[in-house]
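Number of protein chains: 4
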Amino acid sequence: MTLGPDASGVYPIAATPFHPDGRIDWDSVDRLTDFYLASGATGLTILGIMGEAPKLDAGESLALVRRVLARTRATPVVVGVSAPGFAAMRTLARDSMEAGASGVMIAPPPSLRTDDQIVAYYRNAVEAVGDDVPVVVQDYPLLLGVVMTPAVLRRIFQDLPSCVMLKHEDWPGLEKISALRAFEREGTMRRVSILCGNGGLFLDFETERGADGAMTGYAFPDMLADLVRLAKAGEREAAHDLFDAHLPLLRYEQQQGLGLAVRKYVLQKRGAIAFDAQRKPGSALSATARGEVDYLLERLARRDARAGA
Amino acid sequence: MTLGPDASGVYPIAATPFHPDGRIDWDSVDRLTDFYLASGATGLTILGIMGEAPKLDAGESLALVRRVLARTRATPVVVGVSAPGFAAMRTLARDSMEAGASGVMIAPPPSLRTDDQIVAYYRNAVEAVGDDVPVVVQDYPLLLGVVMTPAVLRRIFQDLPSCVMLKHEDWPGLEKISALRAFEREGTMRRVSILCGNGGLFLDFETERGADGAMTGYAFPDMLADLVRLAKAGEREAAHDLFDAHLPLLRYEQQQGLGLAVRKYVLQKRGAIAFDAQRKPGSALSATARGEVDYLLERLARRDARAGA
Amino acid sequence: MTLGPDASGVYPIAATPFHPDGRIDWDSVDRLTDFYLASGATGLTILGIMGEAPKLDAGESLALVRRVLARTRATPVVVGVSAPGFAAMRTLARDSMEAGASGVMIAPPPSLRTDDQIVAYYRNAVEAVGDDVPVVVQDYPLLLGVVMTPAVLRRIFQDLPSCVMLKHEDWPGLEKISALRAFEREGTMRRVSILCGNGGLFLDFETERGADGAMTGYAFPDMLADLVRLAKAGEREAAHDLFDAHLPLLRYEQQQGLGLAVRKYVLQKRGAIAFDAQRKPGSALSATARGEVDYLLERLARRDARAGA
Amino acid sequence: MTLGPDASGVYPIAATPFHPDGRIDWDSVDRLTDFYLASGATGLTILGIMGEAPKLDAGESLALVRRVLARTRATPVVVGVSAPGFAAMRTLARDSMEAGASGVMIAPPPSLRTDDQIVAYYRNAVEAVGDDVPVVVQDYPLLLGVVMTPAVLRRIFQDLPSCVMLKHEDWPGLEKISALRAFEREGTMRRVSILCGNGGLFLDFETERGADGAMTGYAFPDMLADLVRLAKAGEREAAHDLFDAHLPLLRYEQQQGLGLAVRKYVLQKRGAIAFDAQRKPGSALSATARGEVDYLLERLARRDARAGA
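Protein chains in written order, with our numbering: chain A, 157 to 465; chain B, 157 to 465; chain C, 157 to 465; chain D, 157 to 465.
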């Protein structure tokens with residue numbers, strides 16, 4: 157089972173559960189994996205930025221990959237392998253694929269500037285991990301500072317057949333989805349899967365623009381799955397009603413640095429993990445902030461019962 | 157009438173109306189000023205970043221200041237005077253104050269890095285514009301890349317009495333408001349006005365954390381005024397209900413680069429300006445994007461009649 | 157007299173002399189202009205970054221342009237018109253050309269990232285200043301963070317005939333000069349003038365790679381003129397001997413932020429300006445640093461008598 | 157043998173030799189280690205940025221540490237352990253110390269902005285590697301974008317006793333050395349070792365300002381050792397004569413990105429490594445650039461016979 161250009165649905169960016177003392181909480185890894193699968197996830201993405209991947213060492217990373225893969229079985233798993241250098245990227249990518257992963261995700265390093273540098277980076281990355289490994293291109297300028305035009309993405313996808321998916325989290329980014337789908341229609345770019353990140357903040361319209369689904373870690377992956385399903389079914393009003401109900405909380409979770417604390421706090425409340433701890437350096441919620449999240453959940457529960465559970 | 161540390165309410169970041177050929181649309185300047193005043197604005201902020209200030213030359217900037225001031229009378233007007241150098245800043249600040257402005261707003265240049273550089277910059281800026289001119293400190297790391305800790309802001313406010321207001325648009329930023337208000341309570345910082353920007357994306361909680369109101373350009377300043385009023389009155393549920401109704405549109409407007417096109421499009425629809433044109437280089441809405449905004453307005457109108465007008 | 161693609165020699169980046177209290181020192185403006193002309197300059201560049209241009213307001217900038225032009229007569233003068241917006245850029249450019257300038261220099265704003273953004277920026281800038289105004293494209297990634305590949309520069313020069321010169325200060329940058337000259341030889345790019353900045357730190361080899369000369373503010377423009385002349389005459393050893401003699405001082409002057417203080421200190425010692433003052437915010441030399449410059453001048457004087465004058 | 161605050165002399169930033177196909181060239185690792193030791197190095201620094209550390213995976217990094225340590229015996233070795241996260245940093249640091257390293261070097265991640273963030277980062281780093289491990293603080297704003305004031309460095313050194321050395325490569329940076337030494341004299345900061353990087357471009361004056369030596373990778377570490385010795389002996393003229401003779405080449409090597417290709421080319425010519433290859437992504441010298449280096453070596457050989465060998 158490998159990742160292909162027709163992937164769709166929801167691939168949650170999995171949180172990585174820790175004990176309060178910083179050790180990986182393996183029981184919660186299992187529980188959280190089950191939670192994602194039960195939420196209607198069509199795939200899973202582990203070792204992403206919001207999975208605190210850079211805080212794990214090489215051994216821990218591979219152990220996490222194996223632990224999750226032991227549980228997901230038929231569900232495809234994408235492993236984030238972004239690294240400062242290609243040797244480390246290759247090692248984790250090859251080991252992950254051998255362990256049963258379906259593909260890898262690669263973000264560009266912040267130092268890239270020119271169009272040619274970006275394309276060359278992905279060419280080198282594909283050479284490093286091997287062109288038999290399906291690659292997700294992560295396009296996240298807000299955090300990484302690397303700006304990829306639609307034309308640059310087209311060059312990457314045309315030059316590198318193993319790049320099969322775009323993790324789209326440009327902001328603003330709706331026109332980029334339209335531009336890429338227009339390339340496909342006019343025959344200048346082959347079909348790729350587009351899953352959207354950025355906390356889901358524009359997922360209501362991203363699906364309408366042609367995105368295939370979501371790849372983000374919002375603490376209600378079940379809502380994301382419902383939304384993608386409704387959008388595909390053409391139930392526009394129902395999709396927006398559901399999205400709008402969640403937007404106040406979703407927006408609150410979409411805070412750089414702090415957002416992961418919100419997410420883990422809600423995941424913990426939902427019973428998906430035992431602790432909301434982050435490994436150092438992490439952010440923490442003040443009592444006031446926890447109260448705000450509780451209040452948002454309470455308000456949400458009036459429109460979506462899952463928030464009250 | 158000068159700006160003081162007790163300023164509160166809504167100071168809209170005024171858009172600058174242009175004709176489609178790029179000339180300033182003076183009639184719309186008047187109409188838009190009237191619109192803001194009628195919306196319940198307690199003040200006005202002109203020549204902000206979202207007012208396309210950097211696109212005006214020195215003569216146009218001063219002409220705009222005078223035009224608006226001729227109309228606002230009792231309502232205080234803050235003029236953005238951020239500039240690459242202090243001489244241009246001083247010239248615009250002195251001329252604006254002479255014309256009747258109530259204060260000036262100053263953003264730090266993106267090159268600043270260390271705490272001391274930031275404090276020194278505001279010291280130099282105050283010296284440049286004159287310490288008799290009330291200053292609004294603009295704290296906008298997302299766009300400017302300059303990160304001011306609460307302690308640095310305290311140093312600025314303690315060292316420079318003419319700095320009377322914080323335009324707060326850090327993100328995440330709720331804890332910063334709490335930290336500054338705690339400084340005041342513990343007596344280590346004098347009282348300053350805190351008005352919030354960032355498109356209002358967290359205004360529901362910012363008011364609860366101690367902000368005095370909003371300084372942002374969302375195309376429904378009347379909603380912002382209502383929200384601040386409800387929050388001050390302690391009507392929490394009503395405040396959140398109103399905010400949540402607007403959040404889908406407000407969020408759509410909060411798109412870097414594209415947001416101003418959304419804002420001007422809605423302002424035009426509301427009759428506040430004649431054209432939604434931006435001076436070059438500007439962003440433009442695709443037909444699809446305009447349709448999305450229309451759809452959001454339609455949905456909003458079900459809960460706030462002003463969106464259907 | 158307008159700037160053309162065959163310009164060569166040395167166009168010093170003129171310092172702007174100030175009184176210790178921050179006023180422009182007009183007498184020294186005249187004296188310094190005479191000094192540059194007497195040093196063998198084939199042109200002059202005013203209002204560059206190292207000319208403290210951002211510290212002048214609009215009125216002062218134009219006054220400086222007129223003052224210098226009143227004195228230079230047959231020598232072409234390039235005016236830096238970089239600005240946060242096109243209206244201010246246009247105003248200064250048109251006024252300068254009317255006053256007798258030969259061309260303008262435009263640096264890209266630090267926010268530009270993609271190839272297309274850079275090309276579009278210069279297209280808009282040329283439209284703003286008018287396509288009858290010769291333009292110098294400033295390529296200075298170290299300071300501005302904007303990286304222009306040779307292919308992007310070619311697009312600019314091919315699309316925009318009024319762009320006639322490159323102020324080359326990429327670092328490393330030797331291969332870029334070779335690449336552009338190769339484009340010319342293979343017929344894919346028309347001829348442009350290439351003058352080198354970056355303090356002259358690689359001018360010994362830049363001239364060998366095909367640069368037409370220097371556009372930098374090193375306090376010995378007479379040395380730069382000699383070097384360019386020797387290089388053109390094919391006197392390689394003599395050129396390098398002269399360059400190497402100056403390199404310790406030239407390198408000392410090439411310190412971001414501090415370099416201008418060194419430059420003005422030496423210009424003052426050479427009698428070209430009355431004060432080494434910078435307008436705020438400026439850097440200043442410590443007593444130790446002045447002693448180091450004195451020592452470098454003393455050592456240099458053994459090989460170039462001009463340093464002992 | 158551990159690193160202490162009295163370390164001095166030259167700790168070359170060791171290049172990492174590769175075969176043309178990208179494998180580590182272990183024979184050259186040995187040969188290069190011997191070369192550094194024979195050059196008068198008082199210590200060695202491996203896995204620095206210019207040692208292509210980010211291109212090695214975890215296993216290779218540790219293997220390199222062990223290989224070098226097997227050869228250096230009495231000479232202290234500093235290991236660069238900078239990493240995106242603390243777990244990887246800790247693993248490499250502990251394993252290296254166990255293998256016999258004398259200390260570790262840690263550079264701040266480019267995302268740090270405020271003074272407090274920088275101090276907190278080093279506090280967390282020291283906690284991660286263990287406070288029994290001597291730490292070199294790398295201060296390299298040109299590349300990393302993190303600006304540490306003298307006061308911030310003082311906070312780090314006062315708060316964290318295991319931080320015993322500053323790798324100083326701020327630019328301009330002479331005043332920073334003076335400021336830190338003044339802190340020591342006035343008793344507000346304990347003594348730390350200061351070794352200078354930045355290619356050695358200001359080493360002539362850095363030693364005079366109070367630096368203890370060099371930690372940089374210039375291909376003539378023997379010259380660096382002589383220079384530091386002459387400076388300590390107070391032979392100012394001889395030190396500058398030697399430095400100035402090397403400056404044209406040293407400056408040529410100090411080109412971001414390209415410099416390592418120059419360095420490895422010269423090291424290869426000097427017989428210290430078998431190939432000048434870099435692991436991908438690497439820079440390469442054009443034939444013209446190689447000719448320029450040859451020419452510089454030829455000119456240098458007239459004043460320093462080692463360049464002609």
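Backbone N, C-alpha and C fix where the C-beta goes; we use that ideal spot for every residue, glycine too.
Which of helix, strand or coil DSSP assigns to residue i
i: Phe174 (chain B); result: strand
i: Ile180 (chain B); result: strand
i: Arg294 (chain A); result: Going by the sequence as given, residue 294 (chain A) is Gln instead of Arg. Residue state, collapsed to three classes: strand.
i: Leu456 (chain A); result: helix
i: Ala370 (chain C); result: strand
i: Val275 (chain C); result: helix
i: Ser217 (chain C); result: helix
i: Ser139 (chain A); result: Chain A is shown only over 157 to 465; residue 139 (chain A) falls outside these bounds and no answer can be derived.
i: Met206 (chain D); result: helix
i: Gly464 (chain B); result: helix
i: Ile333 (chain B); result: helix
i: Lys420 (chain C); result: helix
i: Gly447 (chain A); result: helix
i: Ile169 (chain C); result: strand
i: Leu200 (chain A); result: strand
i: Lys323 (chain D); result: strand
i: Met157 (chain D); result: coil
i: Gly301 (chain D); result: coil
i: Gly236 (chain D); result: strand
i: Ile262 (chain A); result: strand
Buried or exposed (CB count within 10 angstroms, at least 16 for buried), residue i
i: Leu298 (chain D); result: exposed
i: Asp271 (chain B); result: buried
i: Pro317 (chain D); result: exposed
i: Trp327 (chain B); result: buried
i: Thr443 (chain C); result: Position check: residue 443 (chain C) holds Ala in this sequence, whereas Thr was assumed. The residue in question, Ala443 (chain C), is exposed, as its Cβ has fewer than 16 Cβ neighbours within 10 Å.
i: Asp382 (chain D); result: buried
i: Pro176 (chain B); result: exposed
i: Met157 (chain C); result: exposed
i: Thr247 (chain D); result: buried
i: Arg458 (chain C); result: exposed
i: Gln314 (chain C); result: exposed
i: Asp190 (chain A); result: exposed
i: Ala183 (chain C); result: Sequence inspection shows Asp at residue 183 (chain C); the Ala mentioned does not correspond to that position. With fewer than 16 Cβ atoms within 10 Å of its Cβ, Asp183 (chain C) is classed as exposed.
Chain B residues whose Cβ lies nearer than 9 Å to that of residue i
i: Val303 (chain D); result: Arg269, Thr270 and Gln273
Contact set between residue i and chain B, taken where Cβ atoms lie within less than 8 Å
i: Thr455 (chain A); result: In the sequence as displayed, the identity of residue 455 (chain A) is Arg instead of Thr. By Cβ distance, chain B contributes His396 and Asp400.
Partner residues on chain C for residue i, Cβ-Cβ distance less than 8 Å
i: Pro266 (chain B); result: Pro266
Listed by chain order, chain C residues near residue i by CB distance under 7 Å
i: Pro176 (chain B); result: By Cβ distance, chain C contributes nothing, its closest Cβ being about 16 Å from Pro176 (chain B), past 7 Å.
i: Pro240 (chain B); result: Pro210 and Pro240
Proximal chain A residues relative to residue i, where beta-carbon distance stays under 7 Å
i: Trp327 (chain B); result: Gln411 and Gln412
>> Residues of the stretch 372-404 of chain D in Cβ contact with chain A at a cutoff of 7 Å, in chain order, please.
In response: The stretch 372-404 of chain D vs chain A, Cβ under 7 Å: nothing.
> If you measure beta-carbon to beta-carbon, which residues of the stretch 242-256 of chain C are closer than 9 Å to chain B?
Replying inline: Flagged, chain order: Phe242, Ala243, Ala244, Met245, Arg246, Thr247 and Leu248.
>> Output needed in chain order: residues of the stretch 330-349 of chain D with a Cβ under 9 Å from some Cβ in chain A.
In response: Under the 9 Å Cβ criterion, the stretch 330-349 of chain D contributes no residue.
> What residues in the stretch 212-237 of chain A have a beta carbon less than 7 Å from any beta carbon of chain D?
Replying inline: Of all residues in the stretch 212-237 of chain A, Leu212, Asp213, Ala214 and Glu216 have a Cβ within less than 7 Å of some Cβ in chain D.
>> Beta carbons nearer than 9 Å to chain B: which residues of the stretch 411-438 of chain A have them?
In response: Gln411, Gln412, Gly413, Leu414 and Gly415: these are the residues of the stretch 411-438 of chain A whose beta carbon lies less than 9 Å from some beta carbon of chain B, given in chain order.
> Between the stretch 440-451 of chain D and chain C, which residues of the former have CB atoms less than 9 Å from a CB of the latter, in chain order?
Replying inline: Listed by position, the residues of the stretch 440-451 of chain D near chain C (Cβ gap below 9 Å) are Ser442, Thr444, Ala445, Glu448 and Tyr451.
> For the stretch 273-301 of chain A, which residues have a CB atom closer than 7 Å to at least one CB atom of chain D, in sequence order?
Replying inline: Within the stretch 273-301 of chain A, the qualifying residues are Asn280.
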